[in-house]
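Undergrad:
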Amino acid sequence: MTGRPGPRPPAVVGWLLDRLDRTGVLRGDLDEEYLRYRYPEGSARARVWYWGQALRSLPALVRAGVPRPVGGPGVATDLAQGFRSVRRRPAGSALVVITLGLGLGVNAAVFSLLHSVVLRPLPFDREEELVRIHPDELFYTDLAGANALVDRTSTLVAALPWGRTLLTFEGDGPAEEVRGARVDWRHFDVLGVRPLIGRAFTEADARTWPSTAVVLSHELWVRRFGSAPEVVGRSVRIGGRMQTVVGVMPPAHLPMEPDWEAWAPLPLDAAAVADLPLALNARLRPGVDLDEARDDVRGAFAQVGAAQGSPIDEAELAAIRVVPLRDHLLGSVDRSLFVLYGAVLAVLLLAGANVANLRAAQGVTRGRELAVRASLGAGRSRILGQLAAEATILALLGGVVAWGLAWGLHGWALSRMPVEVPRGGQWSMGPVTVIYTLLASLVVGLLSGLLPALHLRESRSLAAHARPGHGARERISAALVAGEVAGAVILLVAAGLMLRSFAALRSVDPGFDTRGVVAVRVAPPPQRVEGPDQTVAWWDEVLAATASIPGVEAEGGILFLPMTPGGAWSAVRAEGAGLADEELPSGSFRIVAPGYFEALGVLLVAGRTLQRTDGADTEPVAVINESLARLAFGDADPVGRTLEVGRGDPDRLRVVGVVADVRQSALREEAWPEFYRPLAQRPTSRMYLVARGGEDTSATLAALQRTVREVDAQAVLSRPTTLEGLVADDLSSTRLVATLLAIFGGVAILLGGVGVYGVTASAVARRRGEIGIRKALGAPGGRVARAAMARALMPVGAGLLLGAIGAAALSGLLSTLLFGVEARDPLTFLIVPLLLGAVATAAVTIPTLRAARVDPVQTLRG
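Dropping the structure here:
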């Protein structure tokens, strides 16, 4: 019988000394002195002394450079023995490699996305000084106010106003309308961004209005100009005027909005763009905190408003916020990516726990091998060194599998990347991801490979090396199983919540029927629409031609199509409401051509829709939605009533109809109070042409574009789409996160089931003799099986409980990503433990039934 093991010196130091000192004299002396030092001084101080003596001896050992005896212990020998061990157990080794590859692969892919989008610094100088000034979405000001802001603050170095614009590129191929921005001429210089070729704007570019200078995005430069460097300095036709391309931005540049493809400078003369609403960025002075800047900016805007004769009330001032530009640009994307990264970390922990249990199970069958090594003089550190070499080989092989899986997942997800993800197109599996994957492979592989061996007993008896303590091994295995199940519960709850959220979003009624509806943005040539009458006549001709397309059931037009950027707002009230101008609520307005509501299938609630008879020489009319009807008219019937639009001397519009609410911006956002005006009474040249056709939307869309070009070959067509596609794009972010979490959840179920099965099978194998004796003494097979199952399910139950607690604590992190479901949704928290419990029960059934069939006679004979 062996007693408790004696006090041991640090194993890691012993392993290192074995490899540097071929004589073993130094380690023998240190071990002997350690034992003498330990009893009077205590274990902790003795270990510190041992470490110190060993570290002081290392330089002398390295300088000695004594050749190692052939076949002596060393790293090369350990690696060679590790390769032989891996080859001797191909099935077990393959299972370990695949398990590590699964956990590491999804981890590497999501880490590379997180690094590309969030962790990398923004491509701006001193990004911590850059801020966005706004209340909720956009803070709109005018150029005069923006220019006055810096002079009235002590915290801002520069203010950077910008406004959206559209630029129509002509020549060099078919005309193309692109979204862009008008920016302060110092925009790129203050951000610290340099063009790839050419130059940024100068003050001279802003002296004339309209300016003749334009800067291109890298994508537009490649797509339209074939990456030709000579385009810089060349004049191109934009919107009917010749303008000069002065620069091209680098591919890594991050615009303030993801769809910007060109920039033009704002004028120095603020009066030239007095009606242009501008958003506002700024650079803070070094060392200024956000609270100080916010208070300063609020005071400055109050002064500017008073000086301009339009005071800003206290509520509006209190709404002004100053937020880091990084937070504004990344929005909720960083939250989504960190949730995904947390999910893949859980998968990696599950994989590591599985590998640890697999290695522990293999250790049961390797007892004789370890015993032979121990009897030949191998110490604990020596055995651990050989196991570490084997674990390193398996970890590196798992890393290779992980890299292949990560590449596949990267390609699949990149093709589905939502356009609103900043820098999503720059997602790459670069050197940082390679290093991360290598380090993660080694850390997880070594920890999971060595953890089961750490309780090997330090004893010189063969029996002690042949059989590690069963109690310690079982406790480690049970803890790993409980951890696996808990991690799987947390991951599956997150996946379940996102899937339910996605289902809720899909069930939202957008207020229109997407089936068979196509749209294309149309801009007539300027020379054809020089006045309101010409504009209306041009669109009448296009709509009449569209109606003649075979299969088209309805056609119309709208300035801002649902699920696309853009919109306009105005103060509204019912005539006679008695509200002061400063108390007026706002309503969104859209300009539509006759037939729009019929083409989109928007439900008419009362009255009529806008007709061709609603012309410029008839009474001004409007159709309002249900939200505006409730806001302005309460429970009264609004049809026939007058709606006042604007402050001061408002426009008075006769309400002729009420339509159902339409979610214009996103399915997540409630419909706004809204009114629609007819094109003939509020002419605009650029609109989306919409048409409802048959199931073959591609054919309808092609016919629609062909018809417009037949009417006017110079018309600019852009952004052809289907309404189904727009709604699908709106769902894309939620769909991608839900899909990835569902994939990770499936991997978690697989790893958890395999882990529970492996631990149960190993326990049954270890207790085969005990089971045989119990059956020989008369225990029924069913009782034996139930006892084995109960023992196996105890850590599962603990894991389910811990996982449910952890999921409840962490589910709040998902709250901003969810829609139509609570973060602690009872149904999800009920289904997930039941599902995992069923999987675990199925996993333990086979090995426990095997225990019931153990032959007691054969066991006793063995």
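Going by the numbering used here, the first residue of the sequence shown is number 3, and it counts up by one from there.
C-beta atoms are modelled at their ideal positions from N, C-alpha and C, and glycine is treated no differently.
1) Nearest to Pro722 by alpha carbon, out of Leu448, Thr699 and Ser734?
2) Measuring alpha carbon to alpha carbon, tell me which of Val623, Leu691, Trp571 and Asp291 ends up nearest Ala549.
3) Thinking C-alpha only, which one of Phe746, Arg181 and Ser156 is nearest Ala266?
4) State the Cα-Cα distance for the pair Pro680 and Ala295, rounded to the nearest angstrom.
5) Which residues in the same chain have their Cβ closer than 6 Å to the Cβ of Ser813, if we skip the five residues on either side of it in sequence?
6) Leaving out five residues before and five after Leu116 in sequence, what residues of the same chain have Cβ atoms less than 6 Å from its Cβ?
7) Determine the contact status of Arg654 and Glu585, defining contact as a CB-CB distance below 8 Å.
8) Roughly how many angstroms lie between the CA atoms of Ala865 and Glu600, to the nearest whole one?
9) Output needed for Asp138: all residues of its chain with C-beta closer than 8 Å, excluding positions within five of it in sequence on either side, in chain order.
10) Are the region 344-356 and the region 100-108 touching by the rule of at least three beta carbon pairs closer than 8 Å?
11) Taking DSSP as the reference, what is the three-state secondary structure of Gly311?
12) Can you give me the Cβ contacts of Val823 inside the same chain, cut-off strictly under 7 Å, excluding the 5 residues immediately before and after it?
13) Once DSSP output is grouped into helix, strand and coil, what is the label at Pro835?
14) Output the distance between the C-alpha atoms of Gly617 and Glu259, rounded to the nearest integer angstrom.
15) For Phe504, which residues does DSSP report across the bridge?
16) State the CB to CB distance for the pair Ala353 and Leu753, rounded to an integer number of angstroms; the pair is presumed to be in contact (CB under 8 Å).
17) How would you label Ser312, buried or exposed, when you count the other beta carbons within 10 angstroms and need 16 or more for buried?
18) List the DSSP bridge partners of Leu719.
19) What separation, rounded to the nearest whole angstrom, lies between the Cα atoms of Ser118 and Gly194?
20) The beta strand (DSSP E) with Asp653 in it runs from where to where?
21) Helix, strand or coil for Leu681? Go by DSSP, reduced to three states.
22) Just the C-alpha distance for Glu671 and Asp515, rounded to the nearest angstrom, thanks.
23) Can you tell me the Cβ-Cβ gap for Ala408 and Ala110, rounded? I've got them flagged as a contact below 8 Å.
24) Quick check on the DSSP output: the beta strand (DSSP E) that includes Ser237 runs from which residue to which?
25) Going by the beta-carbon positions, is the gap between Val99 and Leu396 smaller than 8 Å?
26) Between Asp271 and the rest of its own chain, which residues show a CB-CB distance below 8 Å, the 5 nearest in sequence each way excluded?
27) Take the Cβ of Pro252 as the centre, count every other Cβ of all protein chains shown within 10 Å, and call the residue buried at 16 or more, exposed below.
28) Hey, does Leu605 have any beta-carbon neighbour from chain B nearer than 8 Å?
29) Under 8 Å, do Tyr678 and Leu742 count as touching if we go by C-beta distance?
30) Helix, strand or coil for Glu422, going by three-state DSSP, please let me know.
31) Whole-angstrom Cβ separation of Val306 and Ile135, contact assumed at under 8 Å?
32) Do Val217 and Gly165 come within 8 Å of each other at the CB atom, strictly closer than that value?
33) For Val159 and Asn283, I'd like the C-alpha separation in whole angstroms.
34) If you compare alpha carbons, which of Leu633, Asp639 and Val657 is closest to Glu621?
35) Considering only the beta carbon of each residue, do Met419 and Gly426 sit closer than 8 Å?
TA: To lay it out plainly:
1) Pro722 has its Cα closest to that of Thr699, out of Leu448, Thr699 and Ser734.
2) Nearest option by C-alpha distance: Leu691.
3) Minimum Cα distance to Ala266 is reached at Arg181.
4) One alpha carbon belongs to Pro680, the other to Ala295, and they sit about 44 Å apart.
5) Excluding residues within five positions, the ones whose Cβ falls inside 6 Å are Ala825 and Arg826.
6) Same-chain partners within the cutoff: Leu339 and Tyr343.
7) Their beta carbons are not under 8 Å apart, which means Arg654 does not touch Glu585 by this criterion.
8) Residue 865 lies beyond the range of the chain shown here (3 to 864); nothing can be said about it.
9) Only weak support exists for where Asp138 lies, its pLDDT of 47 falling under 50; the value from the coordinates is given anyway. Once the five neighbours on either side are set aside, the close Cβ partners of Asp138 are Ala321.
10) With a cut-off of 8 Å, the region 100-108 and the region 344-356 count as touching, because enough Cβ pairs lie within range.
11) Judged by DSSP in its simplified three-state form, Gly311 adopts coil rather than helix or strand.
12) In its chain, beyond the 5 residues on either side, Leu499, Arg502, Ser503 and Ala506 have a beta carbon closer than 7 Å to the beta carbon of Val823.
13) For Pro835, the secondary structure class from DSSP, reduced to helix, strand or coil, is helix.
14) Their backbone Cα atoms lie some 37 Å apart in a straight line.
15) According to DSSP, Phe504 bridges with nothing at all.
16) About 6 Å separates the beta carbons of Ala353 and Leu753, which is inside the 8 Å limit, making them a contact pair.
17) It is exposed - the Cβ of Ser312 has fewer than 16 other Cβ atoms within 10 Å.
18) DSSP, once it has assigned bridges, lists Val524 as partnering Leu719.
19) Roughly 20 Å between the two C-alpha positions.
20) Unbroken beta strand (DSSP E) run through Asp653: Asp653 to Val661.
21) In the structure shown, Leu681 sits in coil (DSSP, three-state: anything other than H, G, I, E or B).
22) Approximately 18 Å between the Cα atoms of the pair.
23) With a Cβ gap of about 4 Å, Ala408 and Ala110 count as contacting.
24) Ser237 -> beta strand (DSSP E) spans Ser237 to Ile240.
25) Going by C-beta atoms, Val99 is nearer than 8 Å to Leu396.
26) Trp211, listed in sequence order.
27) In this structure Pro252 is exposed. Its beta-carbon is surrounded by fewer than 16 other beta-carbon atoms within 10 angstroms.
28) Of the protein chains in the structure, only one exists, and it is not chain B.
29) No, these two residues do not count as a Cβ contact at 8 Å.
30) Shown here, Glu422 sits in coil according to DSSP, grouped into three states, outside any helix or strand.
31) Separation of the CB atoms of Val306 and Ile135 is rounded to 12 Å, and the pair is thereby denied contact status at 8 Å.
32) With respect to Val217, Gly165 sits apart: the two C-beta atoms are not nearer than 8 Å.
33) Their backbone Cα atoms lie some 11 Å apart in a straight line.
34) The shortest CA-to-CA distance from Glu621 to any of Leu633, Asp639 and Val657 is the one to Val657.
35) Cβ distance < 8 Å, so Met419 and Gly426 count as in contact.
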